[in-house]
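Enquirer:
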Amino acid sequence: MMNRLGAWFTKHPKWTCFLGGSVASLAMAPTFYWPLLIVGMWAVLYSMAGLERPKRGAWCTFAFGMGFFIFGLYWIANALLIKIEDYWWVMGLSIFGLPLLLSICWFIAGWVCVKLTKPHTLARSFLFMALLGLAEYGRAYNLTGFPWNLFGYSWGFSLPMMQFASIGGAYGLTALTIFWAALPFLLWQARGYKKVQAVFAIVGGLSLISCFAYGYARLSSHPTEYRDDVGVAVIQPNITQDEKWEPEKALEHFLRHVDLMKQANVEFDAMTPAPKTVAYVWPETSIDESLFLGVPDAPRSLLNAMTGHAYTPTVISGFWREQGRNAKNRPNYYNSVAGIVISDNKLKLDTMYDKHHLVPFGEFLPMEQLLDLTPVAGFAGFQWGPGPRVQQSSVVPPYGVMICFEAIFPWYAKGEGDEWIVNTSNDGWYGDTPGPYQHLTMTRFRAAEQGKPIARAATTGISALIDPYGRVVGKKPYQEQGFIVSKLPKPTDDPTI
Numbered sequence: 087m088m089n090r091l092g093a094w095f096t097k098h099p100k101w102t103c104f105l106g107g108s109v110a111s112l113a114m115a116p117t118f119y120w121p122l123l124i125v126g127m128w129a130v131l132y133s134m135a136g137l138e139r140p141k142r143g144a145w146c147t148f149a150f151g152m153g154f155f156i157f158g159l160y161w162i163a164n165a166l167l168i169k170i171e172d173y174w175w176v177m178g179l180s181i182f183g184l185p186l187l188l189s190i191c192w193f194i195a196g197w198v199c200v201k202l203t204k205p206h207t208l209a210r211s212f213l214f215m216a217l218l219g220l221a222e223y224g225r226a227y228n229l230t231g232f233p234w235n236l237f238g239y240s241w242g243f244s245l246p247m248m249q250f251a252s253i254g255g256a257y258g259l260t261a262l263t264i265f266w267a268a269l270p271f272l273l274w275q276a277r278g279y280k281k282v283q284a285v286f287a288i289v290g291g292l293s294l295i296s297c298f299a300y301g302y303a304r305l306s307s308h309p310t311e312y313r314d315d316v317g318v319a320v321i322q323p324n325i326t327q328d329e330k331w332e333p334e335k336a337l338e339h340f341l342r343h344v345d346l347m348k349q350a351n352v353e354f355d356a357m358t359p360a361p362k363t364v365a366y367v368w369p370e371t372s373i374d375e376s377l378f379l380g381v382p383d384a385p386r387s388l389l390n391a392m393t394g395h396a397y398t399p400t401v402i403s404g405f406w407r408e409q410g411r412n413a414k415n416r417p418n419y420y421n422s423v424a425g426i427v428i429s430d431n432k433l434k435l436d437t438m439y440d441k442h443h444l445v446p447f448g449e450f451l452p453m454e455q456l457l458d459l460t461p462v463a464g465f466a467g468f469q470w471g472p473g474p475r476v477q478q479s480s481v482v483p484p485y486g487v488m489i490c491f492e493a494i495f496p497w498y499a500k501g502e503g504d505e506w507i508v509n510t511s512n513d514g515w516y517g518d519t520p521g522p523y524q525h526l527t528m529t530r531f532r533a534a535e536q537g538k539p540i541a542r543a544a545t546t547g548i549s550a551l552i553d554p555y556g557r558v559v560g561k562k563p564y565q566e567q568g569f570i571v572s573k574l575p576k577p578t579d580d581p582t583i
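The sequence shown begins at 87 in this note's numbering and counts up by one.
#1: In or out: K281 buried (at least 16 other Cβ within 10 Å) or exposed?
#2: Less than 9 Å separating the beta-carbons of L388 and V401?
#3: How far does the alpha helix (DSSP H) with S296 in it reach, from first residue to last?
#4: Looking only at its own chain, which residues have a Cβ that is under 7 Å from the Cβ of Y564, when we skip the five neighbours before and after it?
#5: Within the continuous alpha helix (DSSP H) that includes N390, where are the two ends?
#6: Could you please give the first and the last residue of the uninterrupted alpha helix (DSSP H) stretch that includes S111?
#7: Do the CB positions of F63 and S108 come within less than 9 Å of each other?
#8: Taking only three categories from DSSP, how would you classify F447?
#9: Leaving out five residues on either side along the sequence, give the residues of the same chain with a beta carbon under 6 Å from the beta carbon of K330.
#10: Applying the 10 Å Cβ sphere with the 16-neighbour rule, what's the burial state of R407?
#11: Tell me whether V571 is buried or exposed, calling it buried when 16 or more other Cβ atoms sit within 10 Å of its Cβ.
#12: In this structure, how does DSSP classify N351 when only helix, strand and coil are distinguished?
#13: Let me confirm a value: E505 is counted as buried when at least 16 other C-beta atoms fall within 10 Å, else exposed. Which label applies?
#14: Can you round the beta-carbon distance between G301 and Q249 to whole angstroms, since I take them to be within the 8 Å contact cut?
#15: Smallest Cα separation from A251: which of S307, T527, V289, C199?
#16: Secondary structure at S480, three-state DSSP: helix, strand or coil?
#17: Below 8 Å on the Cβ atoms is my contact criterion, and I expect G123 with A267 to pass it. Report the Cβ-Cβ distance as a whole number of Å.
#18: Where does the unbroken alpha helix (DSSP H) through A216 begin, and where does it stop?
#19: Restricting to Cα atoms, I'd like to know which of S429, N415, Q567, M438 is closest to V423.
#20: Please tell me whether E370 and A544 are closer than 9 Å, where the distance is taken between their beta carbons.
#21: In angstroms with no decimal places, state the Cα-to-Cα distance between L187 and K573.
#22: Below 8 Å, how does it come out for the region 218-238 and the region 283-294: are there three or more Cβ pairs, yes or no?
#23: Near S511, what residues of its chain come up, given a Cβ to Cβ distance below 6 Å and the 5 sequence neighbours on each side ignored?
And the structure:
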């Protein structure tokens, strides 16, 4: 039986790679079946080992990528189910088209690997690992960039292993993870060369143990520390996606946020010592500017919730706003995060950040001047903001902002002078699928990389308060209404990447 199975795998290398990529996807959140990454890496290295034509190598790694991305990202198609009557035709493109585009980098890696190396050599295996690491980095720039589910994120279940991100970032951990996952195959490939096997085993074992030991020591010597003077409340209203954009429910949804704020106020009022300032973090697009300006009950209710306390409040909220018109004489919309404070007994905009990395086909249409279509968000599309900027609040310490999938790009979290990060999101598009869990995992890596706490507010979850080492110190599960109340964790004293 095993001989037949082995013969089938040898005869069908592309299917072997596809199956390997499929099972390897289970190493990511929320399952974190890390050993399956070894199975997947063995499948692709074994299939690549004897190839002589670069084209076959390219298609093998492409098949590996298709399996990995189809089963790792299938949940994205869930966004189309909200309006399936309008977007049924693009369902196949979502499930297969995105994996195809993401696999291009892996396709190139496979072609180059076979072209430059001889069959059945360790040189081929090592070159493939190096090229795969480069291909993972390339995914951040392929088209508009989508570095989702890097191999390093498979350690999201292990806080000690996550700490390596403070030294080498998610990409450094990805490179090491590729090596560790490939190690069993390398030992098998070097059979008959005991000294070589010993070197591989020692290097692999020591590097793995060292990473874990470093992380364990870092966590043990750095418990979470909090600022006594700053409080933070993360609001999770749990508004389902099919209801979120119903105009007749806009005020009701707004008041739900305010009501949760009032409940959080009770806990802040009872804190000892009491905070001097408090930030309420609302999810992505929680406030529609037209509602805020056009319906008096909205700002009035918010003002009432923010007054009458010993601390100075600010609301940091996802903010849907309109400014100017485009070349087609359509309104320019911005997906923003606004800081709202009280000045002279009135609400005032204190800070404003506009999302600058938009989701293709979701928030804007590539080549929109040629395509007369509507993005999945259901309107003419957002405009790009100017880029990452530290928000200088008049109430709370300066903070960085990442809206939705901006959190998957490590460099967007690297602000100069900010002491914490606000991440707003609306993962309700994707339902209770792996998507929200994977999103949270990557956000935790941003905290560990930068040594800064992150307040993450998601409409339906998963909302969290994350300390600068990636610990989740407060959390609201998916599809649960509520809030997280805490003092704001301090950033790390020692510099990270």
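Backbone N, C-alpha and C fix where the C-beta goes; we use that ideal spot for every residue, glycine too. As the structure is a computational prediction, the values presented were derived from the model and not from experiment.
Expert: This is what the structure gives:
#1: The residue given as residue 281 occupies position 195 in the sequence shown. K281 should be labelled exposed.
#2: Sequence index remark: in the sequence shown, residue 388 carries index 302 (1-based). Sequence index remark: in the sequence shown, residue 401 carries index 315 (1-based). Cβ atoms of L388 and V401: closer than 9 Å.
#3: As a first step, residue 296 is located in the sequence shown; it is residue number 210 there, counting from the start. Start and end: 280-307.
#4: As a position in the sequence shown, residue 564 is number 478, starting the count at 1. These residues qualify, in order along the chain: D518, P522, T546, G547, I548.
#5: As a position in the sequence shown, residue 390 is number 304, starting the count at 1. From DSSP, the alpha helix (DSSP H) with N390 extends over 383-392.
#6: Numbered from its first residue, the sequence shown carries residue 111 at position 25. Per DSSP, S111 belongs to no alpha helix (DSSP H) and is neither H nor E.
#7: With the chain covering 87 to 583 only, the question about residue 63 has no answer from this structure.
#8: Here residue 447 refers to the residue found at position 361 when the sequence shown is read from its first residue. Coil.
#9: As a first step, residue 330 must be located in the sequence shown, where it is residue number 244. Nothing meets the Cβ criterion.
#10: Within the sequence shown, numbered from 1, the residue matching residue 407 stands at position 321. It is buried - the Cβ of R407 has at least 16 other Cβ atoms within 10 Å.
#11: Residue numbering aside, residue 571 sits at position 485 when the sequence shown is read from its first letter. It is buried - the Cβ of V571 has at least 16 other Cβ atoms within 10 Å.
#12: As a working note, residue 351 is residue 265 in the sequence shown. Three-state result, N351: helix.
#13: Here residue 505 refers to the residue found at position 419 when the sequence shown is read from its first residue. Its Cβ being crowded by 16 or more others within 10 Å, E505 is buried.
#14: Counting from 1 along the sequence shown, the entry for residue 301 is found at position 215. Counting from 1 along the sequence shown, the entry for residue 249 is found at position 163. Contact holds; Cβ gap of about 3 Å.
#15: Translated into positions along the sequence shown, residue 251 becomes position 165. Per the Cα distances, T527.
#16: Here residue 480 refers to the residue found at position 394 of the sequence shown. Residue state, collapsed to three classes: coil.
#17: For the purposes of this step, residue 123 is taken as the residue at position 37 of the sequence shown. For the purposes of this step, residue 267 is taken as the residue at position 181 of the sequence shown. Correcting the residue type first, residue 123 is Leu in the shown sequence and not Gly. Contact flag correct, Cβ pair sits at about 4 Å.
#18: Translated into the one-based positions of the sequence shown, residue 216 becomes position 130. It spans 208-224 - the alpha helix (DSSP H) in which A216 sits, taken as one unbroken run.
#19: Counting from 1 along the sequence shown, the entry for residue 423 is found at position 337. Cα-wise, what sits closest to V423 is M438.
#20: Reading the sequence shown from its first residue, position 284 is the one you call residue 370. Reading the sequence shown from its first residue, position 458 is the one you call residue 544. Cβ atoms of E370 and A544: closer than 9 Å.
#21: Your numbering for residue 187 matches position 101 in the sequence shown. Your numbering for residue 573 matches position 487 in the sequence shown. The straight-line gap from Cα to Cα measures roughly 43 Å.
#22: no
#23: Within the sequence shown, residue 511 is the residue found at index 425, counting from 1. Once the five neighbours on either side are set aside, the close Cβ partners of S511 are E370, C490, A544.
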